[in-house]
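A.B. asks: Okay, here's the structure, questions in a sec.
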């Protein structure tokens with residue numbers, strides 16, 4: 229029993245790592261908008277798509293990924309989300325023009341949508357009803373913390389390390405989350421064979 233109690237809190241810590249990445253990245257990128265206009269020689273209207281495309285993709289795909297997690301397993305989709313978010317963050321730091329930046333932000337948002345849709349599902353599946361509210365509250369708090377520390381962290385990174393650092397800072401965080409406790413303790417749900425139930429939420433999203 230003690231081991232089981234320990235395991236679920238370890239899993240929560242791994243989920244929190246993924247949950248905090250998106251909010252930090254979102255708030256940091258907003259600070260870099262003026263920098264992007266200078267570096268890529270474009271206007272603020274075009275640069276604003278760096279932020280808007282992220283929000284559009286995340287909001288469009290969360291319902292679909294929620295259902296896909298029920299089918300493929302929460303752990304598997306969470307891992308895919310971490311990998312997608314981390315790899316796209318690394319590529320973003322090497323962007324050579326504004327178009328590459330916007331496209332890679334869209335791909336990064338796909339990873340963020342996986343993480344955001346799976347975090348609550350994982351917590352709900354691991355914690356009993358009497359502890360679920362506390363665990364979900366901790367996860368929600370991590371999102372708020374990410375939004376709060378993002379501007380301060382972003383200002384520091386932009387000043388001392390340059391704009392690429394606001395993206396590649398996600399890579400070590402993603403690696404920790406991927407190889408961390410969730411790999412040891414969270415079992416993947418069995419894959420269901422019938423995929424037809426995915427169709428309605430997919431169409432609703434777009």
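In the working numbering, the protein residues as written are 229 to 434.
Where a beta carbon is used, it is the ideal one built from N, C-alpha and C, also for glycine.
Return the chain-ordered list of same chain residues with a C-beta closer than 6 Å to the C-beta of residue 252, the five sequence neighbours on each side being excluded.
C.D. replies: If you number the chain shown from 1, residue 252 lands on position 24. Contacts found: 374 and 378.
A.B. asks: Does DSSP classify residue 391 as helix, strand or coil?
C.D. replies: Here residue 391 refers to the residue found at position 163 when the chain shown is read from its first residue. Here residue 391 sits in coil by DSSP.
A.B. asks: Taking only three categories from DSSP, how would you classify residue 398?
C.D. replies: Locating residue 398 in the chain shown gives position 170, where the first residue counts as 1. Helix at residue 398.
A.B. asks: For residue 295 and residue 393, I'd like the C-alpha separation in whole angstroms.
C.D. replies: Counting from one through the chain shown, the residue named residue 295 turns up at place 67. Counting from one through the chain shown, the residue named residue 393 turns up at place 165. Answer to the nearest angstrom: the Cα atoms are 34 Å apart.
A.B. asks: Which residues in the same chain as residue 330 place their Cβ atom closer than 7 Å to its Cβ, once the five residues preceding and following it in sequence are excluded?
C.D. replies: As a position in the chain shown, residue 330 is number 102, starting the count at 1. Here the set comprises 277, 278 and 281.
A.B. asks: What does the alpha-carbon distance come out to for the pair residue 324 and residue 359?
C.D. replies: One-based indexing of the chain shown puts residue 324 at position 96. One-based indexing of the chain shown puts residue 359 at position 131. Taking the straight line from one Cα to the other gives about 47 Å.
A.B. asks: Check whether the Cβ atoms of residue 346 and residue 302 sit closer than 8 Å, and answer yes or no.
C.D. replies: Within the chain shown, the letter at position 118 stands for residue 346. Within the chain shown, the letter at position 74 stands for residue 302. For residue 346 and residue 302, yes; Cβs fall inside 8 Å.
A.B. asks: Taking 8 Å as the cut-off, does the stretch 331-338 touch the stretch 312-323 (at least 3 CB pairs, one atom from each stretch)?
C.D. replies: yes
A.B. asks: In this structure, does DSSP put residue 269 in helix, strand or coil?
C.D. replies: Your numbering for residue 269 matches position 41 in the chain shown. In this structure, residue 269 counts as coil in the three-state DSSP scheme.
A.B. asks: If the criterion is Cβ atoms closer than 8 Å, does the pair residue 246 and residue 343 meet it?
C.D. replies: By one-based count along the chain shown, residue 246 stands at place 18. By one-based count along the chain shown, residue 343 stands at place 115. Their beta carbons are under 8 Å apart, which means residue 246 touches residue 343 by this criterion.
A.B. asks: Which of helix, strand or coil does DSSP assign to residue 323?
C.D. replies: Residue numbering aside, residue 323 sits at position 95 when the chain shown is read from its first letter. Coil.
A.B. asks: Once you ignore the five residues that flank residue 384 on each side, which residues in its own chain have a CB closer than 7 Å to its CB?
C.D. replies: As a first step, residue 384 must be located in the chain shown, where it is residue number 156. Within the same chain, residue 384 has no close Cβ partners at all.
A.B. asks: Is the beta carbon of residue 351 sitting closer than 8 Å to the one on residue 363?
C.D. replies: Position 123 of the chain shown holds residue 351. Position 135 of the chain shown holds residue 363. Against a cut-off of 8 Å, the Cβ pair of residue 363 and residue 351 comes out as a contact.
A.B. asks: Restricting to Cα atoms, I'd like to know which of 300, 382 and 398 is closest to residue 320.
C.D. replies: Position 92 of the chain shown, counted from the first residue, corresponds to residue 320. The option with the nearest alpha carbon to residue 320 is 398.
A.B. asks: State yes or no: is the C-beta of residue 391 within less than 8 Å of the C-beta of residue 267?
C.D. replies: In the chain shown, residue 391 corresponds to position 163, counting from 1. In the chain shown, residue 267 corresponds to position 39, counting from 1. Here residue 391 is near residue 267, since their CB atoms are less than 8 Å apart.
A.B. asks: Report the rounded CA-to-CA distance for residue 242 versus residue 349, giving the unit in angstroms.
C.D. replies: As a first step, residue 242 must be located in the chain shown, where it is residue number 14. As a first step, residue 349 must be located in the chain shown, where it is residue number 121. About 13 Å.
A.B. asks: Spatial neighbours of residue 240 within its chain, please: CB distance less than 6 Å, with the 5 preceding and 5 following residues excluded, ordered by chain position.
C.D. replies: The residue labelled residue 240 in the question sits at position 12 within the chain shown. Closer than 6 Å at Cβ, skipping near neighbours: 363.
A.B. asks: Return the CA-CA distance between residue 403 and residue 265, expressed in angstroms with no decimal places.
C.D. replies: Locating residue 403 in the chain shown gives position 175, counting from the first residue. Locating residue 265 in the chain shown gives position 37, counting from the first residue. Using only the alpha carbons, I get a separation of about 31 Å.
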